[in-house]
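S.K.: Structure provided below as structure tokens; questions to follow.
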Amino acid sequence: MGIRNSEAEYGSLAKALHWLVAIGIFALLYLGIEQSGMERGDEKTYIRFVHGSIATVVLALMTIRIVWRFMGTTPAHPATMPAWQTMTSTLVHWGLYVVVFFQLAAGAMVVATGGKGLPVFGFFSIPLPVAESRDAHEWWEGVHEFMWKPLAALIVLHVLGAIYNHFIVKNDVLKRMTIGVK
Ligand code: HEM
Ligand code: HEM
Numbered sequence: 150m151g152i153r154n155s156e157a158e159y160g161s162l163a164k165a166l167h168w169l170v171a172i173g174i175f176a177l178l179y180l181g182i183e184q185s186g187m188e189r190g191d192e193k194t195y196i197r198f199v200h201g202s203i204a205t206v207v208l209a210l211m212t213i214r215i216v217w218r219f220m221g222t223t224p225a226h227p228a229t230m231p232a233w234q235t236m237t238s239t240l241v242h243w244g245l246y247v248v249v250f251f252q253l254a255a256g257a258m259v260v261a262t263g264g265k266g267l268p269v270f271g272f273f274s275i276p277l278p279v280a281e282s283r284d285a286h287e288w289w290e291g292v293h294e295f296m297w298k299p300l301a302a303l304i305v306l307h308v309l310g311a312i313y314n315h316f317i318v319k320n321d322v323l324k325r326m327t328i329g330v331k
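Those letters in the sequence shown? Residues 150 to 331, by our numbering.
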């Protein structure tokens, strides 16, 4: 397996980015939901800080990922896959890219309109050129509190697709994103 994608499988960089981002997003969903049920205080502030820091790293990884994707080929759908499935798969993949970026942008706007920079685990913070505003802050909070639901729904569809292809159709779709195709 080389670093680049081939017609048969994803390369090592695409795989590493896919799985790091997936772990990051599961952590973000967990921490985001966890803090939403908490009273204001040090613990909530701390969880938000960790959530924001992981999110900033995910934003960086997603940016590299999308650039890398356009620099190479993408493995073709299995030739035996019915057209409605290749279409659904393509739609879900692009839906994931769009909704993930939108959720990242909304989170960044929540923080920036609150007058803060994007946190990076206390090492430094990245200021955005966005004015502080109570109204805008609340608006972006509303967006951010909504968008994780369609994102979670897309992830469920995506994982069901992977399970279906691997265990029922028994093709290489999961292997080419994990251990590789012989
Ligand atoms: C794919 C990326 C992200 C996911 C899946 C995600 C998920 C979530 C979830 C589920 C919540 C709880 C929402 C609720 O109360 O119902 C939340 C809250 C929050 N997130 Fe994110 N988030 C992401 C990116 C970001 C980014 C990039 C930042 C900023 C650097 C951020 C900052 C915040 C803040 C400050 C809150 C608390 C404010 C609020 O309740 O709206 N998030 N996030
Ligand atoms: C937050 C979680 C996840 C996100 C955002 C995500 C996103 C994506 C995206 C955007 C692609 C398309 C890559 C491309 O061609 O550019 C992809 C491919 C893939 N993902 Fe995920 N993924 C996630 C979790 C998972 C999980 C948990 C599994 C396994 C159970 C999985 C299995 C796969 C497989 C097998 C492919 C390759 C599909 C193919 O070759 O057609 N993903 N993922």
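Beta carbons are placed, not taken as given, at the ideal position from N, Cα and C, and that holds for glycine.
Report yes if the C-beta distance between residue 170 and residue 214 is below 8 Å; otherwise report no.
M.R.: The residue given as residue 170 occupies position 21 in the sequence shown. The residue given as residue 214 occupies position 65 in the sequence shown. For residue 170 and residue 214, yes; Cβs fall inside 8 Å.
S.K.: Please go through the same chain and pick out, in chain order, the residues whose beta-carbon is closer than 7 Å to the beta-carbon of residue 245, but skip the five residues on each side of it.
M.R.: By one-based count along the sequence shown, residue 245 stands at place 96. Around residue 245: 303 and 307.
S.K.: Just to confirm before moving on: does the CB-CB distance between residue 282 and residue 262 stay below 8 Å?
M.R.: Within the sequence shown, residue 282 is the residue found at index 133, counting from 1. Within the sequence shown, residue 262 is the residue found at index 113, counting from 1. Their beta carbons are under 8 Å apart, which means residue 282 touches residue 262 by this criterion.
S.K.: Is residue 181 closer than 8 Å to residue 207 when the C-beta atoms are compared?
M.R.: Translated into positions along the sequence shown, residue 207 becomes position 58. Translated into positions along the sequence shown, residue 181 becomes position 32. No; because the gap between Cβ atoms is not below 8 Å, this pair is not in contact.
S.K.: Kindly indicate which three-state DSSP category residue 273 falls into: helix, strand or coil?
M.R.: Counting from one through the sequence shown, the residue named residue 273 turns up at place 124. Residue state, collapsed to three classes: strand.
S.K.: Which residues does DSSP pair with residue 267 in a beta bridge?
M.R.: One-based indexing of the sequence shown puts residue 267 at position 118. According to DSSP, which records beta bridges pairwise, residue 267 is partnered with 275.
S.K.: Is it true that the region 157-170 meets the region 324-331, where meeting means three or more beta-carbon pairs spaced less than 8 Å apart?
M.R.: With a cut-off of 8 Å, the region 324-331 and the region 157-170 count as touching, because enough Cβ pairs lie within range.
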